[in-house]
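**Student:** This is the structure I have questions about; it appears just below.
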Amino acid sequence: MSTIQLNKITTIPFQYNPKLPSSKSMSNRALILHKLSNGRITITNLSEANDTKLLWNLLNSAETILNAEDAGTTARFLTAYCCVVNQNATITGTERMKQRPIKPLVDALSNIGFNIQYTEKEGFVPVQISALEDWKNIKNEVEIEAGISSQFISALMMIAPILPKALTINLKGNIVSEPYLELTLKMLKQCKVEAKMSNKQIVIPSTPLATTNFEIEADWTNAFYWIALVSLLPKSKILLPHLKLNSIQGDAKAIKFLNLFGVEAEQFPNGVKFKSNGFNFPTNIEVDFNFSSYPDLAQTFIVLCAAKNLRANFTGLSTLKIKETNRVEAMQQELKKCGVELVETKDDYYKLSGSFHLPALPISTYNDHRMAMSFAPLAALGNITIENLEVVQKSYPDFWQQWQRLE
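104 is the number of the first residue of the sequence shown in this note's numbering; add one for each residue after it.
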């Protein structure tokens, strides 16, 4: 297994501006809308992440078996897409993908009137989609569980304008990752689709997708690895090009946490500058974090809190258990190497305990890109080793190349 040794970072060179990848969340939505518009919608700065390349290849594939590999977004968006374009297809994936739920989406698509069936285990891919002979039985209202993954709902939202009638989506239970639904709404509105969301209900008209160009922003989720480095490195600063404080990406809202970690953000014409102001949150005061709106940032902030020995409590981690790996269990195992316990005190409520030290053993990544990158900022404190360096290809292909420019 390939590993990478990260040497201690003592300073961030003047004018070092690491290149951020384009937003994967925006890119994947833009690809679906591009195809549904028959190419009238164009895209600038498309992500080069493996997940986005995979989605593009499958959207243009003539094969009937479409392997989404370990890409959850790809599997979910593609399932809804194949239904609405009346394509005979089987959506499958890796063994891990076959353990990640898809039942809420399949139930919703079936209730709308599409012909979709499981070919192995109920509730999971592979699923087989059969083209409809006519659309006279397509429903205009559906209910879907909102507490497992917002991607199920976004998948429905994007195909809704293509349906014969307006679609009303009723959201059941607590909504997770709501900013991602807001992202989908904003992108639909750019296509002149007047979608509305209120009181756990989304209404989307049946209407042609208007010609537009999506200019994909720099990715905020990946920006936070560099922000964590600034927090751990006194008197440091870094400018992240093409990043916007007023971004439509949901994870941008997590900048509200930066003051707790002694980091300030300022918008410049060419990006956002982050600098350390030397503030250290008192280690004798508890601080609470709820990651239900931005679960992809949870690992980054948990590692950062551990490194600063904060008395931190975390909730909103339930969706982490159905990601590329069970991210909660993975974090618990790797934090132990740092002398820290991530303890579940009650259902979906965790706290940190112990005293942080640099890991003597390599950090395992569990084939999860975010495990690798969330531990990288610890190099501000000393040398660390991270296994399976290739996993970053999934979302940030040149992350290590950018990082090693610091050394």
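Glycine included, every Cβ here is placed at the ideal spot set by N, Cα and C.
Because the structure is a prediction, the values reported are computed rather than measured.
By DSSP, does Val494 sit in helix, in strand, or in coil?
**Tutor:** Val494 falls in the helix class under three-state DSSP.
**Student:** What does Lys378 pair with, by DSSP beta-bridge criteria?
**Tutor:** The partner list for Lys378 (beta bridge, DSSP) reads Lys340, Glu367.
**Student:** Could you please give the first and the last residue of the uninterrupted alpha helix (DSSP H) stretch that includes Gly511?
**Tutor:** Past the boundaries of the shown model lies residue 511; the chain is included only from 104 to 510, so the question cannot be answered.
**Student:** Evaluate His460 with the Cβ neighbour count: other Cβ atoms within 10 Å of its Cβ, from every protein chain shown; 16 or more gives buried, anything less gives exposed.
**Tutor:** When all chains shown are included, His460 counts as exposed.
**Student:** Give the straight-line distance between the Cα atoms of Ala152 and Pro124, rounded to the nearest whole angstrom.
**Tutor:** Each residue's alpha carbon lies about 8 angstroms from the other.
**Student:** Is it buried or exposed, Ser301, if we count other Cβ atoms within 10 angstroms and call 16 or more buried?
**Tutor:** Its Cβ having fewer than 16 others within 10 Å, Ser301 is exposed.
**Student:** First and last residue of the alpha helix (DSSP H) that includes Glu447?
**Tutor:** Careful: Glu447 lies outside any alpha helix (DSSP H), inside the beta strand (DSSP E) at 443-449.
**Student:** Helix, strand or coil: how does DSSP classify Leu212 here?
**Tutor:** Of the three classes helix, strand and coil, the one that applies to Leu212 here is helix, per DSSP.
**Student:** Measuring CA to CA, which of Phe478, Gln505, Leu158 is closest to Leu400?
**Tutor:** Considering only alpha carbons, the answer is Phe478.
**Student:** Can you tell me which residues form a DSSP beta bridge with Asp391?
**Tutor:** The partner list for Asp391 (beta bridge, DSSP) reads Asn416.
**Student:** My output table needs one value for Ser458: the three-state DSSP class, helix, strand or coil.
**Tutor:** Looking at Ser458 - three-state DSSP - the assignment turns out to be coil, as it is neither helix nor strand.
**Student:** Enumerate in chain order the residues of its own chain whose CB-to-CB distance from Gln370 is below 7 angstroms, with the five nearest sequence positions on each side excluded.
**Tutor:** For Gln370, where only same-chain residues beyond five positions count, the Cβ hits under 7 angstroms are Leu348.
**Student:** Evaluate Lys338 with the Cβ neighbour count: other Cβ atoms within 10 Å of its Cβ, from every protein chain shown; 16 or more gives buried, anything less gives exposed.
**Tutor:** Exposed.
**Student:** Using 10 angstroms around the beta-carbon of Asn214, count the other beta-carbons present and answer buried if the total reaches 16, otherwise exposed.
**Tutor:** Flag for Asn214 reads exposed.
**Student:** Counting pairs of Cβ atoms below 8 angstroms between the segment 484-498 and the segment 460-474, do you hit three or more?
**Tutor:** In short, these stretches touch, since the Cβ pair count reaches three.
**Student:** Checking the sheet assignment: what are the DSSP bridge partners for Lys239?
**Tutor:** None, per the DSSP bridge assignment.
**Student:** Tell me which same chain residues have a C-beta within less than 7 angstroms of the C-beta of Lys292, skipping the five on either side of it?
**Tutor:** Cβ neighbours of Lys292 beyond the five flanking positions: Ala298.
**Student:** Express the C-alpha separation of Lys201 and Ala171 in angstroms, rounding to a whole number.
**Tutor:** Going from the Cα of Ala171 to the Cα of Lys201 covers about 10 angstroms.
**Student:** Report yes if the C-beta distance between Leu517 and Thr145 is below 8 angstroms; otherwise report no.
**Tutor:** In this structure the chain extends from 104 to 510, so residue 517 is not present and cannot be described.
**Student:** Helix, strand or coil, according to DSSP, for Gln190 in the structure here?
**Tutor:** Three-state DSSP puts Gln190 in coil, outside helix and strand.
**Student:** Quick one, are the C-beta atoms of Ile247 and Lys275 less than 8 angstroms apart?
**Tutor:** Yes, the pair counts as a contact, with Cβ atoms nearer than the cut-off.
**Student:** If we call anything under 8 angstroms between Cβ atoms a contact, is Ile135 one with Phe180?
**Tutor:** Yes, these two residues count as a Cβ contact at 8 angstroms.
**Student:** Check this for me: beta carbons of Ile512 and Val366, under 8 angstroms apart or not?
**Tutor:** This structure cannot speak to residue 512, because the chain is shown only from 104 to 510.
**Student:** From the DSSP output, in three-state form, read off Lys275 for me.
**Tutor:** Lys275 falls in the strand class under three-state DSSP.
**Student:** State whether the segment 192-200 contacts the segment 221-235, with contact taken as three or more CB pairs (one from each stretch) at a distance under 8 angstroms.
**Tutor:** Cβ pair count under 8 angstroms is three or more, so yes.
**Student:** Which one of Ser456, Cys441, Gly442 has the shortest CA to CA distance from Thr448?
**Tutor:** With distances taken between Cα atoms, Thr448 lies closest to Ser456.
**Student:** With a threshold of 16 other CB atoms inside 10 Å of the CB of Arg508, please say whether the residue is buried or exposed.
**Tutor:** That one is exposed.
**Student:** For Lys439, report the span of its alpha helix (DSSP H) as first-last.
**Tutor:** Per DSSP, Lys439 belongs to the alpha helix (DSSP H) from 430-439.
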